[in-house]
Each structure stands twice: as C-alpha cells, then as structure tokens.
Amino acid sequence: ALAALGSVKARLKKTDERLSLDSLRLMRAEAPVDCSKAERELHWQPRPVEESIREAAKFWVSLRAAKRANKPAG
C-alpha cells in the first residue's frame, strides 16, 4: 500500500519517490549473489553484519559532529 501511495505521489509531484511499486518489485527480485570475484581480485573478506553496521553508525556520528564543529556561530 505504501509503495502504491509513493507511486501516486511521484506521479503527481513529477519526482522520483524512494518507495514506489517499481522499487518494491526490484526489492523482491531475487538474483544470485557471488562475491568470489571481489575476494579473488580485491582480497576482500566479508565481515559480520553487526560489525559493519557498528562501523557505519560511528562514521555517521563523527561526520555529524564534524559538521556541527565547523558550523559558524550565529
């Protein structure tokens, strides 16, 4: 239902909507995932999801803090 509303909103506003019927269809499409090329050519190693989420959260918090520190007083 939300995807349908997003599609209608996008059509009325003539913009792209983050959640639309098309994006929902893409999310539900299943394709095989193979990371062997990244492992082989880039020497990439998968990490636990929790570790990746924790690192991403720390990055965004530090980025926000840096923006606040550089913001002119006023």
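First residue of the sequence shown: 1, per our numbering; consecutive thereafter.
Note that beta-carbon positions come from the ideal geometry of N, C-alpha and C, so glycine has one too.
All values derive from a computational prediction rather than experimental measurement.
Three-state secondary structure (DSSP) of residue i
{"i": "residue 30", "result": "coil"}
{"i": "residue 73", "result": "coil"}
{"i": "residue 60", "result": "helix"}
{"i": "residue 22", "result": "helix"}
{"i": "residue 47", "result": "coil"}
Residue i vs residue j beta-carbon contact at 8 Å
{"i": "residue 46", "j": "residue 35", "result": "yes"}
{"i": "residue 20", "j": "residue 10", "result": "yes"}
Selected residue, minimal CA-CA separation from residue i, among the options
{"i": "residue 24", "options": "33, 5, 71, 70", "result": "5"}
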